[in-house]
Every structure is written in structure tokens, then in C-alpha cells.
């Protein structure tokens, strides 16, 4: 299953969000990936998520597979929806 | 032969072999290992990652506690980056398939990521390249630390050529082999300059990009007087410099006998010459040059090397060692004078857009009271072993001073309760380096035991010039009449109430300014040991009456240029053999 999200944060997908995403993805028994254009990375890998260079307004596709796919998908997408303050 | 030019920051001449340190501050050996060593390199890389993650976890905790969650988060993020499975896979592949050495593999992969970030068009995100390079440096230090490639292992006559040098690098070098420093970036007052002066070896900084054209082991001549570097010099030039070097040694031998004579002017006015120092061994150098004490013991370095793991015991040991070396001569210890930006090793791009006016120095200490207390405890404990005074940098208001006093009193009580001996009458003083402090100097003088004028910052804050910015650096000038008036006001006020006042900063070690400073009423100057002979010699040829005349003339002059030429002319009259526009 997958869902489309938009990076609404003015600072783009910054370090704090990437950190929260990876922590969140690791919690579930599921494989979560994030795709921007033709690039797909594991949501657990902070560095890979950051190198997507997802600036504000970019559309991303979040995929989840596995036992807890729907929970993982919900939680990870929620992080995009509630703007996380950058400050880092 | 390649000839390079830069900013001379420490005088002298040196000839030696090139030791090239790569851009980010360490040498990468582009080395490929034997198949039998692959296993070991893999362990080396994994081990380095483990240690780095342990460090980051501790730092995250400390910083979160001291500065708040948002600062600590950076370390958490760095920790998480090292868990990145792709990153690890790529490094592993470089070692396994291409048989790269661990440092080479790590560095190659990290640089690729840094490049990726730099190419992101969004400014905020592309700044993350700095995080990657910072992490790379951290891991490299660990990888190199356990192996023999570190600078400690050097044992030849060497000229260090680097992009920039950091405090931890310069201390880990084998000092007996380093003959000079040359760096691509930097300016007067940069760390390289301070260390070179302390080691009394020549240094040229701000040369611009040149490391690519030099190979390790090539012969290099560094002329720290003129700021010229020759790589692979011709035979004629080499001969000429060997001759100069010889003359230099002879001259130095003649000046040796100045070391044992107390500094005084021609008419017998005693001038106290104090030392500026940072590393413990420099105390001995100051003593050898006949210093009357230590006027400025910088302790930032002790904070930097231990990365926020400020350890009271190790500070105490260093302070004790210095005060014991000085055999009863007073030691002025300055508390941490770092900016938040430096403390967090530059991983906060954009956080502090104006660091000179931001959370730095005493402000940073007051915002991290636990750390500050630790340093104060260490200093106070050392005060049981000899005369120590505490100098607080960048104090700009009296309320700040009162907060400092409160913390000091707390530490007093704490030590008393635990029955630890220390000097209860330890003199407490401030650096006068912000114009607001000068405006309130009478009030400050009632509250403090002594003052020390820090000219580098005083000039910066008075004329609003960052001297490391080459576009405006020319405006940074100690002869600015405004600066001279501030010094005069400060010294006069201190002398009126009989409170000790000294001056540290580069103005103290410039022979051309000595008569101005004495004329303004200063009797105590603090400088690096390498400058002491020159200043002593100048003092011994000065007449106080004439100094006062010169100072008053300077106070009536309205521009820096005229004051400078007045002083240069006067110096050339007094010591023609040395200062009349020589070679």
C-alpha cells in the first residue's frame, strides 16, 4: 500500500523530520520506502531520506509492506501532515 | 619552483620537507590494502563507527541538558546517519571489492554524500553537506588515532602545509619536528597564528588554494617575515635562505642575554612583561624569556579537545602544572572564551548568524552554569598551589558581573563544605573588550580586583570590523583614535583608583605601539613569549617623558594613518639599527 504526501514544511524535508521518520519506520514490522521521482530510499535511512533533497512543495510517495504496513504508513505520513518545526 | 604569497603571522625563516594535510584537516592515504588485510580494515571501520556513535550519544545527552533539546538533536541525527544502511554498505563495498583502506573508503563515501548535498538547489538542505564533513572529520580522527598515520608519529624537519589547522591537530603534532606552518585560509589571530607564535616558529596563512600542487616530501622554504613560500626552491634561493637562517641564529643568541634582565625603560620605570599562553608547555617558554607572570592563560583549548566532556580533574591538573611551573609568579587564567558556534564544531550553520554578537564567551558560560562551575572549581582548587587570578572575558554589563560573582560565591561555599583548600582572596577581574564596559569603567573598577584590556575584541567592537573578513580587514587598526581614547579612559580610571590594569592582545606585542601604550599609562603588557625580547629591547630605549608626549600627540590626532607614521618615525629614531626600513 502507498500514499502520496506533499512536503508542506517551508524548510523542506529537514534533519529533524528525517530523524523522526526513521525512528518511526523502525518501530513497525514493515518495510517503508519513500520515493521522489525515480529515486526510492528506505525510510529508516536518515542519510538517504535527506539526500532526496525534498524541498517544500515536492510530492513524495510513501510505500509500506509487511505485517504492520498500515500502522507504519499512517504514522509516517502523519509526520508530513503535522509540520514539524525545523530549528535544526 | 613554485612561489606563493600569504599573510605573515609569525616571523622567522624555516627550511624543511613538506607535510601536506588534506582539506578537511587530515591526511588521507589513497591507499589500497593487501587482500589479507581486508578483514582488519573492515573491523577498523566498524570500530570507528561504534566509537563515534558512543561519543555522539554522550554529546547528545550533555548538550540537551546544557543547551536544550534542539541542540542535542543534531548529535542524535548524526548518530542516526551512522546507522544508515546504504552508507554502511557503500563503505563496506569499497573495502571489500576495491580493497580501499578504512580511512580512504570512509572519506571517499562521505565526500560523495557531501557533494550530493551541495548539489541540492535549496540552500537550507545543501548546508547539510557541512554535517557530513563534520561527521567525516570525527570518524577520521578516530580511525587515524588508533593508527600510526597521525601527526604524532612525525619525526623529521617538517613544514606543515594545510587547509586549516585545528587546536586538537596542532597539539597532537610532534612539536620538535615542526619548523613552520602554512595554511590556505586563516588570518592574523587565527589559531594557527597563535600556536606558531607560541612555538616561536614562522607561519604564513591565507595563501589561497595551493595544496593540490604540492607533494609530500618536497623541499619548502617559509619566509615568515615577508609571507613568502618557495616550494622546490632553486639552488640560489636555497643558499640565500640558508645564509639568512644562519644569521638569524646568531642574532637570537645575542638577544638571549635580555632574558634574565627585568624589563625597564631608559629612565628606570619598571614595565611588567606577562605571557600569553594556551598549552601547558608554553608556561616554561614564558619563564625562559623572563616573564613576570602569565597575563593571559587561554583555556578554550581544554574545552575543545574534550568536546563538552569538560572534566574538572584534567583542568585542575593543567592549571596546577602551569602555576607550579611559574614558581610563584602570578598566573591569570581566563575562563572559557568560546562562541557557541565553535563549541559545537561548526555544525550549526545559520543558527548563529552573527557569532561575534551572539552566545559566546561569558554569555555562553552563564548559559551553561554546570560547565562554568566545573571550570571555576578546577581553577580554585589550583589556587592552593600558587598565585592565580581569574579573568572573565567579554563582560559587558554590571548585572553580568553580579551573576558571575554569585556563581563564584556558590563554588566557594561548595568547596568549603567539602573541605577543599583554595585561596579565598583570589583576585577576580574582567577583560575590557566591549565599549560598554569602558563607558562604565569607574563602576566596574569598584566591583573588580583587576582589569585586562583585550585589544583584539575591543577594536572589533569599537570600529565594527571583523578582521577575518578580507573586504573590511583594513579598517581593523589599533591606531584608530577612537580605540586609543578608549584605552586611555580605561587605564586612567584604573590608575586613579590603584587597580592593576594590563593589556593583552596583539597591540601589546607590536614594538611600534609600545611607547604609545606606556605613554597612555600602562605598566603591564601581556604577549606571546616570542615577542618579549623585542618589546624588552624597545622599552630599554624608551624615555617615559617622551612616551607621554607621543601619547598626547596621538590623542590629538584624528586619523589612524597619521598616528601610525608618527609611531613608526619615532621607533626608527630610537632603534635605527633595527627599525629603519630594513631590507
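Chains as they are written, first to last, in the working numbering: chain E, 93 to 180; chain A, 142 to 724.
For every residue, glycine included, the Cβ atom is placed at its ideal position computed from N, Cα and C.
Note that the structure is a prediction, hence the values are computed from the model and not measured.
Check                                                                                                                                        : Outcome
Straight-line gap, residue 682 of chain A to residue 407 of chain A (C-alpha atoms, nearest Å)                                               : 5 Å
C-alpha gap between residue 520 of chain A and residue 150 of chain A, whole angstroms                                                       : 31 Å
CB contact check: residue 263 of chain A to chain E, cutoff 8 Å                                                                              : yes
Under 9 Å from the C-beta of residue 190 of chain A: neighbouring residues of chain E                                                        : Those do not exist, as residue 190 of chain A stays about 13 Å from chain E at its closest Cβ, beyond 9 Å.
The alpha helix (DSSP H) enclosing residue 695 of chain A, as first and last residue numbers                                                 : 685 to 696
Candidates A:405, A:403, A:257 and A:431, of which the one nearest residue 416 of chain A by Cα                                              : A:431
Residue 94 of chain E at chain A interface by Cβ criterion, 8 Å                                                                              : no
Proximity winner among E:159, E:127, E:109 and E:149, relative to residue 95 of chain E (alpha-carbon distances)                             : E:127
Between the CA atoms of residue 173 of chain A and residue 181 of chain A - distance to the nearest angstrom                                 : 13 Å
Sub-8 Å separation of residue 478 of chain A and residue 568 of chain A beta-carbons                                                         : no
Proximal residues to residue 502 of chain A (C-beta, below 6 Å), its chain only, five neighbours per side dropped                            : 478, 534 and 535
Rounded Cβ spacing between residue 640 of chain A and residue 704 of chain A (contact assumed at less than 8 Å)                              : Residue 640 of chain A to residue 704 of chain A, Cβ: 27 Å. No contact.
Residue interval of the alpha helix (DSSP H) (run including residue 541 of chain A)                                                          : 539 to 558
Three CB pairs or more closer than 8 Å across the stretch 684 to 702 of chain A and the stretch 659 to 674 of chain A                        : yes
Residues, ordered as in the chain, of the stretch 133 to 145 of chain E that lie near chain A by beta-carbon distance below 8 Å              : 133, 134, 136, 137, 138, 139, 140, 142, 143 and 145
Under 8 Å by beta carbon: chain A residues contacting residue 173 of chain E                                                                 : Within chain A, no residue comes near residue 173 of chain E; the closest Cβ sits about 20 Å away, beyond 8 Å.
DSSP state of residue 573 of chain A mapped onto helix, strand, coil                                                                         : strand
Distance CB(residue 404 of chain A)-CB(residue 680 of chain A) smaller than 8 Å                                                              : yes
Sequence-distant residues of its chain with Cβ nearer than 8 Å to residue 654 of chain A (five each side left out)                           : 619, 620, 648 and 708
Residues of the stretch 251 to 284 of chain A with Cβ closer than 9 Å to any Cβ of chain C, in chain order                                   : In the structure shown, chain C cannot be found, because the protein chains are E and A.
Chain E contact residues for residue 226 of chain A, given Cβ-Cβ distances below 9 Å                                                         : 134, 136, 137 and 140
Identified DSSP bridge partners for residue 322 of chain A                                                                                   : A:301 and A:344
Buried versus exposed, by CB contacts within 10 Å (16 or more), residue 765 of chain A                                                       : Here chain A comprises residues numbered 142 to 724, so residue 765 of chain A is not present and cannot be evaluated.
Own chain, CB closer than 8 Å to residue 158 of chain E, minus 5 neighbours either side, in chain order                                      : 120, 121, 122, 123 and 164
Contained alpha helix (DSSP H) runs [length at least 4] in the stretch 633 to 663 of chain A, N- to C-terminal order                         : 652 to 660
Beta-carbon neighbours of residue 222 of chain A, restricted to chain E and to distances below 7 Å                                           : 138 and 139
Residue(s) in a DSSP beta bridge with residue 497 of chain A                                                                                 : Residue 497 of chain A is not bridged to any residue.
Residue 154 of chain E: contacting residues in chain A (beta-carbon distance under 7 Å)                                                      : Under the 7 Å cutoff, chain A gives no residues; its nearest Cβ is about 18 Å from residue 154 of chain E.
Rounded Cβ spacing between residue 345 of chain A and residue 147 of chain A (contact assumed at less than 8 Å)                              : 4 Å
Partners in chain A for residue 114 of chain E, counting only beta-carbon separations shorter than 9 Å                                       : 221, 224 and 225
Bounding residues of the beta strand (DSSP E) (the contiguous stretch that carries residue 360 of chain A)                                   : 360 to 364
The stretch 219 to 227 of chain A touching the stretch 258 to 277 of chain A, judged by at least three CB pairs closer than 8 Å              : yes
Beta-carbon contacts of residue 774 of chain A that lie in its chain and below 6 Å, excluding the five residues immediately before and after : There is simply no residue 774 of chain A to check, as chain A begins at 142 and stops at 724 in what is shown.
Contact set between residue 147 of chain E and chain A, taken where Cβ atoms lie within less than 7 Å                                        : 263 and 266
Chain A contact for residue 131 of chain E (CB, 8 Å cutoff)                                                                                  : no
Rounded C-alpha distance that separates residue 397 of chain A from residue 672 of chain A                                                   : 13 Å
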